[in-house]
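Sequence order for the protein chains is A and B. Residues in the first sequence are numbered from 12 upward in steps of one, following this note's numbering. Residues in the second sequence are numbered from 12 upward in steps of one, following this note's numbering. First the structure, in the form of structure tokens, and then the observations on it.
2 protein chains.
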Amino acid sequence: MGRHSDAKQRILDSARVLFHARSYSAVGIQEICDHAAVKKGSFYHFFPSKQALTLELLDQSWLGFEQAFISSLLNPERPALQRIVHFFKLGCEMQQRLLDKTGCVLGCPFGNLAMELSTQDDLLRAKLQVFFQRMETVLEKALLEAIRTGELAENTDTKLSAKAMLAYLEGLLLMAKTGNNLQDFTVLSEMALKLITNRCKD
Amino acid sequence: MGRHSDAKQRILDSARVLFHARSYSAVGIQEICDHAAVKKGSFYHFFPSKQALTLELLDQSWLGFEQAFISSLLNPERPALQRIVHFFKLGCEMQQRLLDKTGCVLGCPFGNLAMELSTQDDLLRAKLQVFFQRMETVLEKALLEAIRTGELAENTDTKLSAKAMLAYLEGLLLMAKTGNNLQDFTVLSEMALKLITNRCKD
DNA sequence: CTTGTAATTTACCAACCAGTCAACTATTAT
DNA sequence: ATAATAGTTGACTGGTTGGTAAATTACAAG
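Now the structure itself:
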């Protein structure tokens, strides 16, 4: 019943792009609506608040991220460790595409929001933390498979190594964003595997 | 001539604390003034804009950071590599202190602003980039001394290793902030030295 | 003690903020 | 055809944003 429309999706898409390019607080609902060619009244027809929009936005973004990045990280055609390097490379290419389009290194859409909002909105913080945990789990899966194939020692601390590599990736993205420059990103990202650690005393 | 006052410093201190606890855009000038017990008119007597305040704030913060952290990183009493580990530990202790005081892991005051503002204010971005470069230089100095003392191989790529370790530190701080939790920080930070790399083919 | 100067105070601005509401329109299922 | 539903619209709220202007106060040097 009633009419149907893609306005809600347009709002979500606009918010994703604008939040990524600038920040959560720097982008107002009016601007999102303008970008989506939607009146503010419609926004509040679909979302009760900016926070609610962002929660939904994040779920969608994660799905897109899963499709674009995680699939390749679990793709069994490549050796597991090489897949992790490839995953970093995919991230670099994505940043390059955004740099070409916008003139700015935009960094990680999750990391950006996590940094900005963690101390200000506990719901959004918790959601972003879950995404990072999922990401760690996926990285750990690759490490576990690397153990199975003999690429890695049995006593590799997969959880810790995954955590370290994710933190390193987020840090690299922050540095690239701050320098508005991707030059070192590739070579630095190839060093991520160095963070793989063994249990107990290394 | 004229009267003297510490209002300017109070404004700087308040802004530093509030920006660190929340974010640049989330903290208004009115709130800074209230926190500093100063009227807004006075604010604009001392600073032409929020950006100008922040530029000055950052210079002061860097001096404080230098005094609290960098000195120990160049202190020749300890072996150079151990100093880097100690530097990470100092950072962790500082985060713990702020967590006790505020209930939140606040992360790096420079990294937070860099993440939020890099795509929005090129002046502030450039300033923060310079701080990161200085930080890399200091880390590199420690690495160079480690080479001199034989702790590290001659062909260590000190620049690249310093970059990697700084990115890793910033990433760790982001993850701790997102989890509002410092539990893994210590053990993860001890892995920073793993990022030390040799030139050419590693 | 006066004069120049720096600091303070108050009132103010237009623009924007997130969010509300009721009226209206288009569509779809019956 | 009609009634229920879903989407659209524009006007509106109270509060806040960064920033301005002018008058006033306090002080320090001559």
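Even for Gly, the Cβ is constructed at its ideal location relative to N, Cα and C. Note that the structure is a prediction, hence the values are computed from the model and not measured.
Chain-ordered chain B contacts of residue i [CB-CB under 8 Å]
{"i": "A:G52", "result": "Near A:G52 there are no residues of chain B at all, since even the closest Cβ is about 25 Å away, more than 8 Å."}
{"i": "A:R33", "result": "T130, Q131"}
{"i": "A:V198", "result": "L171"}
Interface residues of chain A facing residue i [CB-CB closer than 9 Å]
{"i": "B:M146", "result": "Residues of chain A passing the Cβ test: none, with the nearest at roughly 10 Å."}
Short CB-CB distance (under 8 Å) between residue i and chain A
{"i": "B:T214", "result": "Nothing about residue 214 of chain B can be reported from this structure: the residues present for chain B run from 12 to 213 only."}
{"i": "B:Q194", "result": "no"}
{"i": "B:M186", "result": "yes"}
Rounded Cβ spacing between residue i and residue j (contact assumed at less than 8 Å)
{"i": "B:A37", "j": "A:Q62", "result": "B:A37 to A:Q62, Cβ: 14 Å. No contact."}
{"i": "A:L135", "j": "A:L150", "result": "In fact, because the Cβ distance is near 23 Å, the residues do not count as touching under 8 Å."}
{"i": "A:S83", "j": "A:L69", "result": "About 21 Å separates the two Cβ atoms, so there is no contact after all."}
{"i": "A:M146", "j": "A:L171", "result": "Rounded, the Cβ-Cβ distance is 15 Å, inconsistent with contact."}
{"i": "B:S200", "j": "B:C103", "result": "6 Å"}
{"i": "A:F99", "j": "A:A203", "result": "6 Å"}
Minimum Cβ-Cβ distance from residue i to chain B less than 8 Å
{"i": "A:F143", "result": "yes"}
{"i": "A:V49", "result": "no"}
{"i": "A:M105", "result": "no"}
{"i": "A:N209", "result": "no"}
{"i": "A:V149", "result": "no"}
{"i": "A:L117", "result": "yes"}
{"i": "A:M202", "result": "yes"}
Three-state secondary structure assigned by DSSP to residue i
{"i": "B:T167", "result": "strand"}
{"i": "A:C44", "result": "helix"}
{"i": "B:P120", "result": "helix"}
{"i": "B:F57", "result": "helix"}
{"i": "A:Q194", "result": "coil"}
{"i": "B:H31", "result": "helix"}
{"i": "B:H15", "result": "coil"}
{"i": "B:A157", "result": "helix"}
{"i": "B:S3", "result": "Within the shown structure, residues of chain B are numbered from 12 to 213, placing residue 3 of chain B beyond reach of any answer."}
{"i": "B:D132", "result": "coil"}
{"i": "B:C103", "result": "helix"}
{"i": "A:R21", "result": "helix"}
Strand pairing of residue i, partner residues [DSSP]
{"i": "A:N209", "result": "A:T167"}
Contact list for residue i against chain A, beta-carbon separation under 7 Å
{"i": "B:A37", "result": "S36, Q131"}
{"i": "B:D70", "result": "Near B:D70 there are no residues of chain A at all, since even the closest Cβ is about 17 Å away, more than 7 Å."}
Interface partners of residue i on chain A, CB under 8 Å
{"i": "B:R136", "result": "T189, N191"}
Chain-ordered chain B contacts of residue i [CB-CB under 9 Å]
{"i": "A:K61", "result": "The contacting residues do not exist; A:K61 stays about 13 Å from chain B at best."}
{"i": "A:Y179", "result": "A175, A178, Y179, G182, L183, L206"}
Neighbour list for residue i in chain B, Cβ cutoff strictly below 7 Å
{"i": "A:N123", "result": "M126"}
{"i": "A:Q258", "result": "The shown model of chain A, from 12 to 213, leaves out residue 258 of chain A, and the question about it has no answer."}
Any non-hydrogen atom of the ligand GDP closer than 7 Å to residue i Cβ
{"i": "B:G39", "result": "Because no ligand of any kind appears in the structure shown, any question about the ligand GDP cannot be addressed here."}
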